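Peer 1:
Protein chains in written order, with my numbering: chain Z, 11 to 386; chain A, 975 to 1494.
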């Protein structure tokens, strides 16, 4: 029996959790002698008050959409892929290979190939943990997190020893050819005569991310494969009864998940840095976990949560720039958001459930809602 | 008997348990409505009702798991608050759950003492418990070895350990929830002897069950619950199973299945020398051979855990085995690439699994999603790589109507249907596949009487269409009334085959306990 209407579960709980996180954050800001209200104003104006701010917010959000989707897809099969960081790192390698070694006449041709390269390398990096889980039962959490370190070390080696141009002292690849540089939002919006900050890094990868959200939604809720993934995720014993092979599902889901995480590289590597550098992912793989948690593993939720975290990233950077609030506090605020929306979910859910129950007429079944559940 | 007790004991005029106006609601669901009940000391009181009638809720209130919204509990005439199970134990109430709460790798003695140790050191408690246990064991012919590990003793004995736990905590009032669900008829008889012994000692026993036969056999008084209300409390000697069934369901119920004699056709399923070894290396099936013909129901009787589940799993395609299985004369792959649920379905085998909640349904899925479950590759439900959800929902609406699934809402998740309606979803899905062979495991476990009648009729109708049906059930009544042939399994072997009109529960019960030879 559902105690709460679906909208309360999907919208109200995250909002309340978020509000609580902001209140506690405000108390901390207050405790170190700053004005929480002013801090919030700075964050909002810094992240959303200018096209420059929006450009950064959307740039971060794009990263988080990809890594969030990666975690969300895996979680539909109850697999906890926390290797997004490593898979995105390797995705960067895929993008670099494509951009450096294939001559493209135009970015529009480079982009789809780069997407494939990024997805392929990300997926490859997820293959071994997936195989170990499917065949050997090694826990996916352990193996994917270990592969994050291996991925970082592997890329370091490649950047220092193999990919670094001989004349350079920097552990980074050469700049990608001009023809592979992606148009920024400034370039895109200029076509429609809308002015947008030239300096902000948001680029066409954002639209790829939106497409990816839609594709994941179709995959999970409309395809046969998605049906089998959800069936396996909800009940392994039932899946086995139905003749759905757990090994197959684990492999396929992890490949898709790794591919999505890898695709982040078209934003940060191809769209922004335009070369492959060390630690290009900047922890976005881990933020993806929080994004998927908060977004309830649904593409729309992931999209919204990614925007929120993009806002927190950009607003937080502004805050560190213009106040005495140390940059570390931004991490604290982000951690509080994760804590309240993810880990302390039940703290909000239980009282809210009781509240809804008490407003219910005690007798008679509730009216049956024929609407499509928001999970679709 | 009951009256004599009342007369012999002057204090017996005070009920051991009295409930006054107990009400409990879970959100919109009124689980208990103004329930009043008096149970006299030294009697066995049965509580009977369909699933979801509120029996378990009522007992949970009495044992302190739930708090009643309204009403009063009186123990031996004293108003008593029971906020938790500690308070229930202190009030002299002991509970034996349907699913035992024992630590598998502890001994009997350790389990009995667990949670009721006297101090920080175990030894004195254990010594005390050992003495008490030996006394109690002798007194009630419990036959329990205090040093045996729980995992090494049978379910019947495990249940006695649960009873000992209650007695060790000085329970005067014993509540048993569906105590015979996992027992053989012989074990059930033994349990009833123990309960009668306890009653003669002056203990009060409340037994929750859905089996009318047991109510008639052992109780002194019986209360019937329906939809959260206590519809009647009667003396057992003054009622009949038919009357109780009617009180439970609210209408006349056919307790016996009407069916014509079977007209078996060609052999559909042939099984030869089937062997299954589980992961621990234990042989679960030890050379099983049987066959099922078109147009007949072959029932497999046996206490659960004697290889029936493995047999269904092998035939359903998710347990590897050695031996030979043929369907319509063609060999079935038992270990290789074509040994999975999908290949079996393609060969015309439909399977209603024993555990609908773990296997037959994805509980979080809606009804229409579950209707496709296992048949998600059916072209009728697909458009390329996409699912044709509209076609699927349309199909589901039809099945909901034909199988009278309630509520008739295909958007509802499986977990929010009642047990009977969940089972109807599985049956509708599997039976309307027009299979050559239908495997049915525990078709009416946890299903209310009204739905049982419906399910039995459907199975007979499918048989009359010339389908082969292999039925596995732990309910002997069900096996006897549905089967055209009965096969009894024990310890992974077939103990014997009987015709339903030439055998009885006693003989089958002995075979189920692994005792060969004709019953006396």
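All residues carry an ideal CB built from backbone N, CA and C; glycine is no exception. Note that this is a predicted model, so its numbers are computed, not measured.
#1: From the DSSP output, read off the bridge partner residues of residue 1241 of chain A.
#2: Alpha carbon to alpha carbon, how far is residue 203 of chain Z from residue 343 of chain Z?
#3: Looking only at its chain, what residues have a beta carbon closer than 7 Å to the beta carbon of residue 199 of chain Z, apart from the 5 residues adjacent to it on each side?
#4: So for residue 1087 of chain A, helix, strand or coil by DSSP?
#5: In terms of residues, what are the limits of the beta strand (DSSP E) holding residue 1013 of chain A?
#6: From the DSSP output, in three-state form, read off residue 1384 of chain A for me.
#7: Skipping 5 residues on each side, what residues in its chain have a beta carbon closer than 6 Å to that of residue 1402 of chain A?
#8: Can you list, in chain order, the residues of the region 1325 to 1338 of chain A whose Cβ is nearer than 9 Å to any Cβ on chain Z?
#9: Between the C-alpha atoms of residue 289 of chain Z and residue 330 of chain Z, what's the straight-line distance to the nearest angstrom?
#10: Does any C-beta atom of chain Z lie closer than 8 Å to the C-beta of residue 1314 of chain A?
#11: Can you give me the Cβ contacts of residue 1325 of chain A inside the same chain, cut-off strictly under 6 Å, excluding the 5 residues immediately before and after it?
#12: Apart from the five residues just before and just after residue 1061 of chain A, which ones in its own chain have a Cβ nearer than 6 Å to its Cβ?
#13: Hey, out of A/1261, A/1235, A/1265, whose CA is closest to residue 1241 of chain A's CA?
#14: Short check: CB of residue 1448 of chain A to CB of residue 1178 of chain A, under 8 Å?
#15: Suppose the cutoff is 8 Å on Cβ atoms and the five residues either side in sequence are ignored; what does the same chain contact list for residue 1462 of chain A look like?
#16: Give the straight-line distance between the Cα atoms of residue 300 of chain Z and residue 41 of chain Z, rounded to the nearest whole angstrom.
#17: Between residue 1074 of chain A and chain C, is any beta-carbon pair separated by less than 8 Å?
#18: Comparing the C-beta of residue 1348 of chain A with each C-beta of chain Z, is any distance below 8 Å?
#19: Taking the alpha carbon of residue 165 of chain Z as the reference point, which residue from Z/112, Z/95, Z/48, Z/211 has its own alpha carbon closest?
#20: CB-CB under 7 Å to residue 1190 of chain A, same chain, minus the five flanking residues each way: which ones, in chain order?
#21: With residue 1110 of chain A and residue 1138 of chain A assumed to form a contact (beta carbons below 8 Å), what rounded beta-carbon distance in angstroms separates them?
#22: For residue 243 of chain Z, which residues in the same chain have their Cβ closer than 6 Å to its Cβ, ignoring the five residues on either side in sequence?
#23: If you measure from the beta carbon of residue 1138 of chain A to each beta carbon in chain Z, is any gap under 8 Å?
#24: Tell me whether residue 1430 of chain A sits in a helix, a strand or coil according to DSSP, three-state version.
#25: With a threshold of 16 other CB atoms inside 10 Å of the CB of residue 313 of chain Z, please say whether the residue is buried or exposed.
#26: Looking at the structure shown, is residue 408 of chain Z part of a helix, part of a strand, or coil, going by DSSP?
#27: Per DSSP, what kind of secondary structure is residue 26 of chain Z in: helix, strand or coil?
#28: Just the Cα atoms here: how many angstroms apart are residue 143 of chain Z and residue 1454 of chain A?
#29: Output yes or no for whether 8 Å exceeds the beta carbon distance between residue 210 of chain Z and residue 70 of chain Z.
#30: So what does residue 1304 of chain A bridge to, in DSSP terms?
#31: Taking 8 Å as the CB-CB limit, is residue 337 of chain Z close to chain A?
#32: What is the rounded straight-line gap between the Cα of residue 189 of chain Z and the Cα of residue 118 of chain Z?
#33: Listed in chain order, which residues of the region 15 to 49 of chain Z have Cβ atoms closer than 9 Å to some Cβ of chain A?
#34: Using CA coordinates, which residue listed in A/1327, A/1163, A/1387 is at the minimum distance from residue 1130 of chain A?
#35: Please classify residue 231 of chain Z as buried or exposed, where buried requires at least 16 neighbouring CB atoms within 10 angstroms.
#36: Output, in chain order, the set of chain A residues within a Cβ distance shorter than 7 Å of residue 247 of chain Z.
Peer 2: On the basis of the data shown:
#1: On the second chain, position 267 is the one that residue 1241 of chain A refers to. Beta bridge pairing from DSSP links residue 1241 of chain A with A/1267.
#2: Indexing the first chain from 1 puts residue 203 of chain Z at position 193. Indexing the first chain from 1 puts residue 343 of chain Z at position 333. For residue 203 of chain Z and residue 343 of chain Z, the distance between alpha carbons rounds to 37 Å.
#3: What you label residue 199 of chain Z is simply residue 189 of the first chain in a count that begins at 1. Scanning its chain for C-beta atoms nearer than 7 Å, with the 5 sequence neighbours on each side dropped, one finds around residue 199 of chain Z the residues 206, in chain order.
#4: Taking the first residue of the second chain as position 1, residue 1087 of chain A is located at position 113. Helix, per DSSP.
#5: Mapped onto the second chain, residue 1013 of chain A falls at position 39. Secondary structure note for residue 1013 of chain A: its beta strand (DSSP E) is the uninterrupted segment 1003 to 1013.
#6: As a position in the second chain, residue 1384 of chain A is number 410, starting the count at 1. Reduced to three states, the DSSP call for residue 1384 of chain A is coil.
#7: In the second chain, residue 1402 of chain A corresponds to position 428, counting from 1. Closer than 6 Å at the Cβ level, and outside the excluded window around residue 1402 of chain A, lie 1373, 1377.
#8: Considering only beta carbons, the part of the region 1325 to 1338 of chain A lying closer than 9 Å to chain Z consists of 1325, 1327, 1329, 1331, 1332, 1333, 1334, 1335, 1336, 1337, 1338, in chain order.
#9: Here residue 289 of chain Z corresponds to residue number 279 of the first chain, with the count starting at 1. Here residue 330 of chain Z corresponds to residue number 320 of the first chain, with the count starting at 1. So the alpha carbons of these two residues sit roughly 21 Å apart.
#10: Within the second chain, numbered from 1, the residue matching residue 1314 of chain A stands at position 340. It does; some Cβ of chain Z falls within 8 Å.
#11: Translated into the one-based positions of the second chain, residue 1325 of chain A becomes position 351. 1290, 1413, listed in sequence order.
#12: Stepping through the second chain from its first residue, residue 1061 of chain A is reached at position 87. In chain order, 1038 place their CB closer than 6 Å to the CB of residue 1061 of chain A, counting only its own chain and leaving out the 5 sequence neighbours on each side.
#13: Taking the first residue of the second chain as position 1, residue 1241 of chain A is located at position 267. Residue 1241 of chain A has its Cα closest to that of A/1265, out of A/1261, A/1235, A/1265.
#14: Reading the second chain from its first residue, position 474 is the one you call residue 1448 of chain A. Reading the second chain from its first residue, position 204 is the one you call residue 1178 of chain A. Against a cut-off of 8 Å, the Cβ pair of residue 1178 of chain A and residue 1448 of chain A comes out as no contact.
#15: Looking up residue 1462 of chain A in the second chain gives position 488. Excluding residues within five positions, the ones whose Cβ falls inside 8 Å are 1274, 1275, 1276, 1468, 1469, 1470, 1471, 1472, 1482, 1485, 1486.
#16: Counting from one through the first chain, the residue named residue 300 of chain Z turns up at place 290. Counting from one through the first chain, the residue named residue 41 of chain Z turns up at place 31. Annotation: residue 300 of chain Z to residue 41 of chain Z spans about 26 Å, alpha carbon to alpha carbon.
#17: You won't find chain C in this structure, because its protein chains are Z and A.
#18: Your numbering for residue 1348 of chain A matches position 374 in the second chain. At least one CB of chain Z lies nearer than 8 Å to the CB of residue 1348 of chain A.
#19: Locating residue 165 of chain Z in the first chain gives position 155, counting from the first residue. Checked all of Z/112, Z/95, Z/48, Z/211; the closest Cα to residue 165 of chain Z is Z/95.
#20: Residue 1190 of chain A sits at position 216 when you count from the first residue of the second chain. Correct list, in chain order: 1210, 1215.
#21: Counting from one through the second chain, the residue named residue 1110 of chain A turns up at place 136. Counting from one through the second chain, the residue named residue 1138 of chain A turns up at place 164. Rounded to whole angstroms, the Cβ separation of residue 1110 of chain A and residue 1138 of chain A is 6 Å, and the two are in contact under 8 Å.
#22: Numbered from 1 along the first chain, position 233 holds the residue referred to as residue 243 of chain Z. Correct list, in chain order: 86, 87, 88.
#23: Position 164 of the second chain, counted from the first residue, corresponds to residue 1138 of chain A. No, no contact with chain Z.
#24: Locating residue 1430 of chain A in the second chain gives position 456, counting from the first residue. In the three-state reduction of the DSSP assignment, residue 1430 of chain A falls in the helix class.
#25: Start at 1 with the first residue of the first chain, and residue 313 of chain Z comes out as number 303. Buried is the call here.
#26: Because chain Z is modelled from 11 through 386, residue 408 of chain Z falls outside the range shown and cannot be assessed.
#27: Position 16 of the first chain, counted from the start, is the residue given in the question as residue 26 of chain Z. Assignment of residue 26 of chain Z by DSSP, reduced to helix, strand and coil, places it in the helix class.
#28: Residue 143 of chain Z sits at position 133 when you count from the first residue of the first chain. Residue 1454 of chain A sits at position 480 when you count from the first residue of the second chain. Near 46 Å, if we compare the C-alpha coordinates of residue 1454 of chain A and residue 143 of chain Z.
#29: For the purposes of this step, residue 210 of chain Z is taken as the residue at position 200 of the first chain. For the purposes of this step, residue 70 of chain Z is taken as the residue at position 60 of the first chain. If you check the CB distance, residue 210 of chain Z and residue 70 of chain Z do not come in under 8 Å.
#30: To locate residue 1304 of chain A, count along the second chain from 1; it is residue 330. Here residue 1304 of chain A is bridged, per DSSP, to A/1301.
#31: Here residue 337 of chain Z corresponds to residue number 327 of the first chain, with the count starting at 1. No, residue 337 of chain Z lies away from the interface with chain A (no Cβ there is under 8 Å from its Cβ).
#32: On the first chain, residue 189 of chain Z is found 179 positions in, with the first residue counted as 1. On the first chain, residue 118 of chain Z is found 108 positions in, with the first residue counted as 1. Cα to Cα, residue 189 of chain Z sits roughly 9 Å from residue 118 of chain Z.
#33: Those residues of the region 15 to 49 of chain Z that come within reach of chain A (Cβ to Cβ, closer than 9 Å) do not exist; the list is empty.
#34: Here residue 1130 of chain A corresponds to residue number 156 of the second chain, with the count starting at 1. Minimum Cα distance to residue 1130 of chain A is reached at A/1163.
#35: The residue given as residue 231 of chain Z occupies position 221 in the first chain. That one is buried.
#36: For the purposes of this step, residue 247 of chain Z is taken as residue 237 along the first chain, with counting starting at 1. The answer, in chain order, is 1332, 1333.
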